[in-house]
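Undergrad: Top to bottom, those sequences are chains W and A.
Numbering of the first sequence is given in our numbering, commencing with residue 1 and proceeding in unit increments.
Numbering of the second sequence is given in our numbering, commencing with residue 1001 and proceeding in unit increments.
Right, I'll just put the structure down here and ask away after.
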Amino acid sequence: MIVDRRLLPHLDWPLLGAIVTLTLIGLATIYSVTWNIQLDQPGTEFWRQAYAVPVGLGALLVCLLVDYRTLAQKSPLIFAGLLLALLAVLSFGVVAKGARRWIDLGFGSLQPSEFARLALALVLAMLYGDGRRSARSLGELVFGGLVLALPVSLIFLQPDLGTAITLVPVYAGIAYMAGLRLRWVAGALLILALLSPVVWNFGLQDYQKGRVLTFLNPYKDRQGAGYQQIQARVTVGSGGLLGKGFRQGTQGAYRFLPEGHNDFVFAVFAEEHGFVGVVVALALYLFVIWRSLEAAKLAKDRVGAFLVVGLVSWFSFQVVYNITMQAGLAPVKGLTLPLMSYGGSSLVATLAGFGLILNVRMRRFTN
Amino acid sequence: MLTPGAYEDRRSLQLRLTGLRIGLLTVFVLIAGAFWVLQVLQYTEYRDRAEQNHTRTIPLLAPRGVLFDRHGDVLVQNRRSFRIAIVREQTADIDDTIRHLAGVTGTAESDIQAIMTRRRGDPLFRPIAVIDHATDAQVAAVIAQGLELPGVVVDQIPMRSYPGEGAHLFGYVGEVQQAQLYRPEFAGLQPGAIVGQAGLEQVYNAPLMGNDGNRFVIVDSRGREIDELERQDPVDGQRVKLTIDRDMQRALEDAFRADGFDGAAAFLDPRSGEVLALTSLPAYDPNDFAVGISSATWSALNKDPLRPLGNRLIQGLYSPGSTFKIVMAITALEEGIITPDTVIGCRGSGVFYGRSFKCWNTSGHGPMTLRHAIEQSCNVFFYTLGERLNARFGDRSIDAINKWAAKLGLVGKTGIDLPQENPSLVPSTEWKLRERGERWYPGETISVAIGQGAVSVSPMAMATMMATVANGGTLQTPHLLKAIDRGHGWEPQAPPAPRSVFQMDPSHLAAVRDGLWMAVNTPLGTATRRGKIDGKDVAGKTGTAQVISNDNKAAAQAAARSAGKDPAIYNDHGWFVFFAPRDNPEVAGVVFTEHSEHGYLSAPIAKHVMETYFAKKEGRPLPVYKSSRTPRTPVAPPRPAIGGTSGIGGTR
């Protein structure tokens, strides 16, 4: 656990800076949108998120200090620990909003599913990167898929389809880097397209079908499911070029757009800071992704590169999906925006993930 | 530790990373493009929609101007009332909300539905008042059930509060009708605005109404108010001072009620034309309209055969009967037909143009001058005046009567500041030709001489006639407006100009006034003792307006009796016109009692109001009315009470 001082110059300070900046932008937006006019102070969500920031930075530091190769070696153990935690959630987790997602730790609650991607990325990077296996053969691809299926099914049972789906990009990213034949991808997409009517009729719950239909025509159900989608567009669009200004937004602050601190934090940000703010935030996210992939490029070994790509794939997927949703271009799904949205477990897990990415780059010259 | 394949492996890794980067860069550029479309190209559309989301304009209703009497006593004021309204935008299921609201307030669901249907064109965010004058219990129920009644709001509004009398004077207020919104005087009003719909409320709606204010507020997604952006305070309606005397108004209606009469009355100051008191009965309760009149009450008022919504004082046209003898007296004197000392004999009847005309006193009054003819209301004396007018003017005798009737105010409208006045009619040759296509016959003048025939006048016109006799020839325009307070104290309002002015010969005036004084004050007078006030020299004249001709009256009454109806419906209407004191009169007017049979039965009411006037002026305690009659319930007439009566026969 001793950190060599010589490693410090190799820490990617610009990346860390961008991550912290996005976190603070999110915190400021939560401050603005949860502001309580009667009490003249920010809402409790702001304080909870503010407490999560140092915890998350601590997690980042921990993930940075331990050599990622050590973690990769121990990844089967970590993965097993995760599966146990997910089982624990299913047996005695806290029920909220119709799902069992949290474990009450006494001083706070923890959402183990948020950490699933870290364990999954580690175990898959180890699987395909270290053992000189590759995803070129169908058998290896399926084996990795089975590893993926374990946490996905456990999270799906909570039920939390959204979080479960975010694990797929981790697998897809690593498999892609491990040499997944692209013609297989094309073939799989074709099969999916052919199967989609079957999935539609037998695989989806009515509320899920409703979401898709509402997405295609939000005005069909403007008071119900379409409401959020319409209001998200109004929120973003009314921001204009320069925005309404910090704490001057009306759509989020007066709850015309629900979940303005959470799933729709980016819409509120867009309302208050306009297109200019959006471009800045998008640039920051793109920078984070770009620099992270740089770490994969520079990585000393395949395990590191795969680990980075697995994590970046998840991060990119969720960022792109969430922001697309803000513009009303994707069905409303309870997926938060990494770094900016409210949610302590999510922030801590995300920062821990970036700890791993920084870790890979920092140790690119060590043996 | 590099294996032979490692280099190639690394190269493939880099390629795939580059592919990933290019893909993500493309996605981000596309996303930025989407935000460009929303935030820059479609900005104004979304800005407006966000604006509509969170800003609301809430009207602040201006209280209508308070009405004061001539001495500054309050007549009509405002009180605070609770109103329950529905904001459709905030309801989840409008029908469910209406059902629930009807349940907790004990209102008929159909009533609420009807209001909502009527106002369905309004913007969704505008509150629609469904219960205008909520009781405390209804307000409490709504507030307690707040969660089950989304979109139901309770607010306080100013509401008109009327005294127990003066319904036809004040009129009433109500929601502006859809068709009225297009009228120039209601320009700029919103549906649902409260405006004057009758009486003074209608005539002086503009100053009384004031300007509603607005609050521009920010609301959250549940319609709760977050903040106030701007406030335009309502401007109260202007205070209006009337010429009415509250105590005389009260005394007038007290007396009518104590006697159980329907009818009409007006008291004027003959020097100025100011109206001191006026009434028309039966009436409605204007307070019923102030709280949003129920359809049942409205339909009952509309269908009532006594027609309480009509103002008999200015809309009812009746035969003047013997009171018209005053017009005849002045016509004959001023046209030089007779002098005050001309003597004409009465033998109980007279034959004019081959037909016998009776006096009410069939044994005859004997020889008499104008003074006594007025005192005792001798028909033969006035028939003879008619005959002599024919001798002088030939076919055009009626035009001479019409000319003097017009100078006394009995032709056309009086011009009082109340709505929907009907013009009074005294015939003329031109009128006869136009309306009947016939020439005027001299025999008709004989009927007109005692107020029969085609003469039909409103009680208000009779009041102006007495005021004109009282002031010696100035036909004042009766009016109710004395002063307006626009916020800087009372500004007196110029009275309307007199309609005509003529100077009566003093000796003629004295003779008429004496005759009228004698009618009230001598033992032979037709109104003796009934209208007399010691020391006040009341001058007056009685008259009756027939509902049915004397020949048919007995048979009709018998028929009504056998049909189980009150025979009193065929009783004549009673007139009493008056002024006091005889010299330098201060008050003049008319009391008209429906189906009272005798004109002298109107006199005690006039006396009571005048006594109130003098007592107030002299600082004495106000009199209390003691009815000399057993009150009867008014009954429905066989035909509309308003619209005129006719008939030929002896009257006094």
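Ideal placement from N, C-alpha and C gives every residue a C-beta, glycine not left out.
Quick caveat, the model's predicted, so the values are computed rather than measured.
1. Once DSSP output is grouped into helix, strand and coil, what is the label at I1131/A?
2. For Q1113/A, which option in R1239/A, L1124/A, I1098/A and P1158/A has the closest C-alpha, if you only look at C-alpha atoms?
3. List, from N- to C-terminal side, the beta strand (DSSP E) runs of 3 residues or more that fit wholly inside the region 1017 to 1048 of chain A.
4. Taking CB distances under 8 Å as the criterion, tell me whether L1002/A reaches chain W.
5. Find out if the Cβ-Cβ distance for the pair T1468/A, L1516/A is shorter than 8 Å.
6. Residues in the same chain with beta-carbon distance under 6 Å from L1208/A, minus the five sequence neighbours each way, listed in chain order, please.
7. Quick one: is L64/W buried, meaning 16 or more other Cβ sit within 10 Å of its Cβ, or exposed?
8. What is the DSSP secondary structure of G1649/A, counted as helix, strand or coil?
9. Can you look up G1531/A in the DSSP assignment and give me helix, strand or coil?
10. Does M1/W have its Cβ less than 8 Å from a Cβ in chain A?
11. List the residues of chain W whose Cβ lies closer than 7 Å to the Cβ of F1028/A, in chain order.
12. Could you pull out every residue in the same chain whose Cβ sits closer than 6 Å to the Cβ of F317/W, ignoring the five residues on either side in sequence?
13. Under 8 Å Cβ-Cβ, which residues of chain A neighbour V234/W?
14. Could you check how far apart the C-beta atoms of D12/W and L358/W are, in whole angstroms? I think they sit under 8 Å.
15. Under the three-state reduction of DSSP, which class applies to F365/W: helix, strand or coil?
16. Give every residue of the same chain whose Cβ lies closer than 7 Å to the Cβ of W314/W, excluding the five residues on either side of it in the sequence, and list them in chain order.
17. Which bits of chain W does A1034/A rub up against, with CB to CB less than 8 Å?
18. Is there at least one Cβ from chain A nearer than 8 Å to V332/W's Cβ?
19. Using a Cβ cut-off of 8 Å (strictly closer), state whether F256/W contacts chain A.
20. Going by DSSP in three states, N1287/A sits in which element: helix, strand or coil?
21. Roughly how many whole angstroms lie between the Cα atoms of P1634/A and G1260/A?
22. Is it the case that the region 1306 to 1314 of chain A contacts the region 1174 to 1191 of chain A, given that we only count it when at least three CB pairs across the two stretches are under 8 Å?
23. What's the gap between the Cα of T70/W and the Cα of G355/W?
24. Residues in its own chain within less than 8 Å of T1544/A by CB, not counting five upstream and five downstream?
25. Does DSSP put G1394/A in a helix, in a strand, or in coil?
26. Which chain W residues are close to L1124/A, counting only those with a beta carbon under 9 Å from its beta carbon?
27. Going by C-alpha to C-alpha distance, which of W1298/A, A1258/A and A1283/A sits closest to V1624/A?
28. Give me the DSSP bridge partner(s) of Q41/W.
29. From what residue to what residue does the beta strand (DSSP E) around R1239/A run?
30. For Y321/W, count the other beta carbons within 10 Å of its own beta carbon; 16 or more makes it buried, fewer makes it exposed. Which is it?
31. List in chain order: all unbroken alpha helix (DSSP H) runs of 4+ residues lying wholly within the region 1277 to 1327 of chain A.
32. Which residue wins for smallest C-alpha separation from D1583/A, given the options A1140/A, G1619/A, Q1546/A and K1536/A?
33. Under a three-way DSSP split, which group does F269/W fall into?
34. Determine, using beta carbons only, whether I25/W comes closer than 8 Å to chain A.
35. Please tell me whether M340/W has its Cβ less than 8 Å away from any Cβ of chain B.
36. The alpha helix (DSSP H) with D941/A in it runs from where to where?
TA: Taking the structure as given:
1. DSSP, reduced to helix, strand and coil, places I1131/A within a strand of the structure shown.
2. Looking at the Cα atoms, I1098/A is the closest of the given residues.
3. List check, beta strand (DSSP E) in window: nothing returned.
4. The predicted position of L1002/A is uncertain, since its pLDDT is 44 and thus under 50; a value taken from the coordinates is nonetheless stated next. L1002/A does not count as touching chain W.
5. With respect to L1516/A, T1468/A sits apart: the two C-beta atoms are not nearer than 8 Å.
6. Excluding sequence neighbours, L1208/A sits near R1064, G1065 and G1237.
7. With 16 or more Cβ atoms within 10 Å of its Cβ, L64/W is classed as buried.
8. With a pLDDT of only 41 at G1649/A, under the threshold of 50, the placement of this residue in the model should not be trusted; the figure read from the coordinates follows. Of the three classes helix, strand and coil, the one that applies to G1649/A here is coil, per DSSP.
9. DSSP places G1531/A in coil when its eight states are reduced to three.
10. Any reading at M1/W needs caution, since the residue's pLDDT is 46, under 50, leaving its predicted position unreliable; the model's value is listed next. For M1/W, the answer is no, since every Cβ of chain A falls outside 8 Å of its Cβ.
11. Chain W residues near F1028/A: L282 and L286.
12. Result list for F317/W: P169, in chain order.
13. Those are Y1046, R1049, A1050 and N1053, listed as they occur along chain A.
14. At roughly 6 Å, the Cβ-Cβ gap stays under 8 Å, so D12/W and L358/W are in contact.
15. It is coil, neither helix nor strand.
16. Counting only Cβ-Cβ distances below 7 Å, and skipping sequence neighbours, we find R117, T166, P169 and V170.
17. The answer, in chain order, is T324, A327 and L329.
18. It does not; no Cβ of chain A falls within 8 Å.
19. Among the residues facing chain A, F256/W is included, as its CB has a counterpart in that chain under 8 Å away.
20. Helix, per DSSP.
21. Model confidence at P1634/A stands at a pLDDT of 49, short of 50, so the residue's coordinates are unreliable and nothing is read from them.
22. Contact fails: fewer than three Cβ-Cβ distances are below 8 Å.
23. Cα atoms of T70/W and G355/W: separation of roughly 14 Å, rounded to the nearest angstrom.
24. The beta carbon of T1544/A sits closer than 8 Å to the beta carbons of G1321, S1322, D1572, H1573, G1574, W1575, E1597, H1598, G1599, T1651 and R1652 from its chain, once the five residues preceding and following it are set aside; these are given in chain order.
25. If DSSP states are grouped into helix, strand and coil, G1394/A belongs with the helices.
26. In chain order: nothing, as chain W lies at least about 12 Å away.
27. For V1624/A, the nearest C-alpha among the options comes from A1258/A.
28. Bridge partners of Q41/W according to DSSP: N36/W.
29. Note, R1239/A: beta strand (DSSP E), R1239 to L1242.
30. Counting C-beta atoms within 10 angstroms of its own C-beta, Y321/W has 16 or more neighbours from the protein chains shown and is therefore classed as buried.
31. Listed in chain order, the complete alpha helix (DSSP H) runs (minimum 4 residues) inside the region 1277 to 1327 of chain A are 1286 to 1290, 1295 to 1303 and 1312 to 1315.
32. Of all alpha-carbon atoms in A1140/A, G1619/A, Q1546/A and K1536/A, the one lying nearest the alpha-carbon of D1583/A is that of K1536/A.
33. Of the three classes helix, strand and coil, the one that applies to F269/W here is helix, per DSSP.
34. So no, I25/W is outside the interface.
35. Any reference to chain B falls outside this structure, whose protein chains are W and A.
36. The structure shown does not extend to residue 941/A, since chain A spans only 1001 to 1652, so no value can be given for it.
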